[in-house]
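K.L.:
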Amino acid sequence: MNPRFAIVLAAGEGRRLRPLTRHRPKPMLPAVTKPILEHVFDVLVDTGITEIVVVVGHGRDRVQSHFGSTYRDVPLTYVVQDKQLGSGHALLTAASEISGSALVVNGDQLVDERIVEDVRTNHDAAAAATIGTTRRDDVSLYGGVILEGDRVVELVERPQDSRHYRLNAGVYAIEPVVLEVLESMDRVAGELSLVDCLSAVIDRGETVRGVASEGLWIDATYPWDLLEVARALFDHGLVESHVDAAARVHDSAVIREPVAISADCVVGPGAVVGPYVSLGANVTVGSGTVVEHSVVDADTRIGSGATVIEGVTGRGVQIGVGSSVVGGPGDVVVGDRIHQRESLGALLADRVSDEGGVTYAPGTMVGAETVIHAGATVNGTLESDAEVWH
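Residue numbering for the sequence shown follows my numbering, starting at 107 and increasing by one per position.
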């Protein structure tokens, strides 16, 4: 049985990705130069899905205005999860749209076609659900699956023991019985979890199958993970190195592949761009500027003579003349936790502006709308709407 109907869960904010998610949800953050959610849609369409229901919530206007009512001739239906009360609750929000077998995928994680195809082709109505799994050395931050043959015997969130777990890739084929169980469940800490529901389905004696796929699974948990997402997509051939025909690259500029340079970008004389650089639409890289191993979102301006290594920007960022993001490793402060020696030069959220000659210490995180005056040295984590002086 090959479900051709898919539900995409795309209502979450992505709190650990702040400040990038201040103005948009995690599914709309860039994986190279396209939103994560667009990659998800591409995989679904390429594997034969003909109808998609999208559960939206936080930042839903960003999703709906970007995609509209169809994607690559596949109709999109939107349902709204007003409060983010868990993945199970999100699925129930779409229950009225489901009449039979359905594929359920997370809209904020990247999987390649193999995982989706493996789930679709191995599912049949004799199983209440089929879960896509893949190999990962450490699943302690994610979901673990214990298999006996092709049967799922246990699902464990963030497992800490030494048993042999497969990674839950967040791709499910489900039958209506899953919705029946969801509707009968009590919320835990105010939320309904799809994983808890599938555990309850197993406890009822229903069959839940697991597919051991060799497909690629990638997640961005923290802002600097967008650098690794881009690298993985390039390295596995899921995104080809390219310069859009509508970009303008000066003859004296050096492009070191892999790169993705979008439409209306301008790369000035003597600039060096790449390797592993993604430039969103309408980005300007000034003369003599060096950009390496970075994800630069749309409408960003990088001034002449600047250096950006292992940088992540939001939209509409202004990096001034001669400013320097020197690259990691650096210690990054998120809330009350310090992440040590992360590969992050600096993260500049939407519409950060510096006046030039600014130095960003490794691991710096700058909140949206912050203004940094000329010659300042910036380090640590800055809240949004701040102002930094020399």
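Here a beta-carbon is modelled for each residue, glycine too, at the ideal position from N, C-alpha and C.
All values reported here derive from a predicted model rather than from experimental measurement.
1. What residues in its chain sit with their C-beta under 6 Å from that of A338, if we drop five residues either side in the sequence?
2. On the three-state DSSP scale, how would you describe S207?
3. By the three-class DSSP mapping on this structure, what secondary structure does H496 have?
4. For the pair the stretch 331-345 and the stretch 298-315, tell me if three or more CB-CB distances fall below 8 Å.
5. What's the call for T156, buried or exposed, on a 16-neighbour Cβ count within 10 Å?
6. Would you decide whether D224 is buried or exposed? Buried here means 16 or more other CB atoms lie within 10 Å of its CB.
7. Out of curiosity, what's the CA-to-CA distance linking V186 and G163?
8. Taking V161 as the reference, which of V114, V397 and D302 has the closest Cα?
9. Using a Cβ-Cβ cutoff of less than 6 Å, which residues in the same chain neighbour I204 once the five nearest sequence positions on both sides are dropped?
10. Suppose contacts are defined by Cβ-Cβ distances below 8 Å. Is L304 in contact with V314 by that definition?
11. According to DSSP, simplified to helix, strand and coil, what is N228?
12. Out of V355, G481, A366 and S490, which one is the CA nearest neighbour of S393?
13. Relative to the alpha-carbon of G343, which residue among D357, A352, D331 and A366 has its alpha-carbon at the smallest distance?
14. With DSSP as the reference, label H145 as helix, strand or coil.
15. Below 8 Å between beta carbons: does that hold for P131 and G386?
16. At the level of alpha carbons, what is the spacing between G300 and E320?
17. Roughly how many whole angstroms lie between the Cα atoms of G411 and S400?
18. Going by C-alpha distance, which of G380, V345, G250 and R178 is nearest A359?
19. Could you tell me which whole alpha helix (DSSP H) segments of length 4 or greater appear in the stretch 368-402?
20. Any contact of the stretch 226-240 with the stretch 139-152, i.e. 3+ C-beta pairs under 8 Å?
21. Nearest CA to the CA of S202: which residue from I221, P282 and P125?
22. Do you know offhand how far G249's Cα is from V169's?
23. Tell me which same chain residues have a C-beta within less than 6 Å of the C-beta of Y177, skipping the five on either side of it?
24. For G194, which of helix, strand or coil comes out of DSSP?
25. Let me make sure I understand the geometry here. Which of V245, V372 and V402 has the alpha-carbon closest to that of D267?
26. Kindly indicate which three-state DSSP category E312 falls into: helix, strand or coil?
27. Of the choices E461, G434 and A200, whose alpha-carbon is the least far from that of N485?
28. At 4 residues or longer, what runs of the alpha helix (DSSP H) sit wholly inside the stretch 121-195?
29. According to DSSP, simplified to helix, strand and coil, what is R293?
30. Within its chain, find whatever has a CB closer than 6 Å to the CB of L198; leave out the 5 residues flanking it on each side and keep chain order.
31. Quick one: what does DSSP say L454 is sitting in, helix, strand or coil?
32. Leaving out the 5 sequence neighbours to the left and right, which residues in its chain are closer than 6 Å to L285 when beta-carbon positions are compared?
33. Would you check if the distance between the CB atom of L273 and the CB atom of T240 is smaller than 8 Å?
34. Start and end of the alpha helix (DSSP H) containing R337?
35. Quick test of your reading: G462 and S429, contact by CB under 8 Å. State the CB separation rounded to the nearest angstrom.
36. Can you tell me whether R269 is helix, strand or coil according to DSSP?
P.N.:
Taking the coordinates as given:
1. Counted from its first residue, the sequence shown places residue 338 at position 232. These residues qualify, in order along the chain: I324.
2. Within the sequence shown, the letter at position 101 stands for residue 207. It is coil, neither helix nor strand.
3. Walking along the sequence shown from the start, residue 496 turns up at place 390. H496 sits in coil when the DSSP states are folded into three classes, being neither helix nor strand.
4. Flag = no, the stretch 331-345 and the stretch 298-315 do not touch.
5. Taking the sequence shown and counting its residues from 1, the one referred to as residue 156 is at position 50. Exposed, by the Cβ-count rule.
6. Here the question's residue 224 lines up with position 118 in the sequence shown. Classification for D224: buried.
7. Counted from its first residue, the sequence shown places residue 186 at position 80. Counted from its first residue, the sequence shown places residue 163 at position 57. One alpha carbon belongs to V186, the other to G163, and they sit about 6 Å apart.
8. For the purposes of this step, residue 161 is taken as residue 55 along the sequence shown, with counting starting at 1. Taking only the C-alpha atoms, the option nearest V161 is V114.
9. Reading the sequence shown from its first residue, position 98 is the one you call residue 204. Within the same chain, I204 has no close Cβ partners at all.
10. Residue numbering aside, residue 304 sits at position 198 when the sequence shown is read from its first letter. Residue numbering aside, residue 314 sits at position 208 when the sequence shown is read from its first letter. Against a cut-off of 8 Å, the Cβ pair of V314 and L304 comes out as a contact.
11. Within the sequence shown, numbered from 1, the residue matching residue 228 stands at position 122. Residue state, collapsed to three classes: helix.
12. Numbered from its first residue, the sequence shown carries residue 393 at position 287. Closest option to S393, Cα to Cα, is V355.
13. By 1-based counting over the sequence shown, the position of residue 343 is 237. Comparing Cα positions, the closest option is A366.
14. If you number the sequence shown from 1, residue 145 lands on position 39. Reduced to three states, the DSSP call for H145 is helix.
15. For the purposes of this step, residue 131 is taken as residue 25 along the sequence shown, with counting starting at 1. For the purposes of this step, residue 386 is taken as residue 280 along the sequence shown, with counting starting at 1. Not a contact, by the Cβ cut-off of 8 Å.
16. On the sequence shown, residue 300 is found 194 positions in, with the first residue counted as 1. On the sequence shown, residue 320 is found 214 positions in, with the first residue counted as 1. The question names Gly, but residue 300 is Leu in the sequence shown. For the pair L300 and E320, the Cα-to-Cα distance works out to about 23 Å.
17. Numbered from its first residue, the sequence shown carries residue 411 at position 305. Numbered from its first residue, the sequence shown carries residue 400 at position 294. Computed Cα separation, rounded: 16 Å.
18. Numbered from its first residue, the sequence shown carries residue 359 at position 253. The option with the nearest alpha carbon to A359 is G380.
19. Within the stretch 368-402, complete alpha helix (DSSP H) segments of at least 4 residues are not found at all.
20. The count of Cβ pairs closer than 8 Å, one atom from the stretch 226-240 and one from the stretch 139-152, stays below three, leaving the stretches out of contact.
21. On the sequence shown, residue 202 is found 96 positions in, with the first residue counted as 1. Selected option, being the one with the closest Cα: P282.
22. The count along the sequence shown starts at 1 and reaches residue 249 at position 143. The count along the sequence shown starts at 1 and reaches residue 169 at position 63. About 26 Å.
23. Residue 177 sits at position 71 when you count from the first residue of the sequence shown. Scanning its chain for C-beta atoms nearer than 6 Å, with the 5 sequence neighbours on each side dropped, one finds around Y177 the residues F147, in chain order.
24. As a working note, residue 194 is residue 88 in the sequence shown. G194 carries a helical assignment under DSSP once its states are collapsed to helix, strand and coil.
25. For the purposes of this step, residue 267 is taken as the residue at position 161 of the sequence shown. The residue among V245, V372 and V402 with its C-alpha nearest the C-alpha of D267 is V245.
26. Locating residue 312 in the sequence shown gives position 206, counting from the first residue. E312 falls in the coil class under three-state DSSP.
27. For the purposes of this step, residue 485 is taken as the residue at position 379 of the sequence shown. The closest CA to that of N485, considering only E461, G434 and A200, is found on G434.
28. For the stretch 121-195, whole alpha helix (DSSP H) runs of length 4 or above, ordered along the chain, are 142-152 and 166-173.
29. What you label residue 293 is simply residue 187 of the sequence shown in a count that begins at 1. In the structure shown, R293 adopts coil according to DSSP, grouped into three states.
30. The residue given as residue 198 occupies position 92 in the sequence shown. Excluding positions up to five away in sequence, the list reads L288.
31. As a working note, residue 454 is residue 348 in the sequence shown. In this structure, L454 counts as strand in the three-state DSSP scheme.
32. The residue you call residue 285 lines up with position 179 of the sequence shown. The answer, listed in chain order, is A201.
33. Indexing the sequence shown from 1 puts residue 273 at position 167. Indexing the sequence shown from 1 puts residue 240 at position 134. Their beta carbons are under 8 Å apart, which means L273 touches T240 by this criterion.
34. Working through the sequence shown from its first residue, we reach residue 337 at position 231. R337 -> alpha helix (DSSP H) spans D331 to D341.
35. By one-based count along the sequence shown, residue 462 stands at place 356. By one-based count along the sequence shown, residue 429 stands at place 323. So it is a contact: roughly 6 Å between Cβ atoms.
36. Locating residue 269 in the sequence shown gives position 163, where the first residue counts as 1. In this structure, R269 counts as coil in the three-state DSSP scheme.
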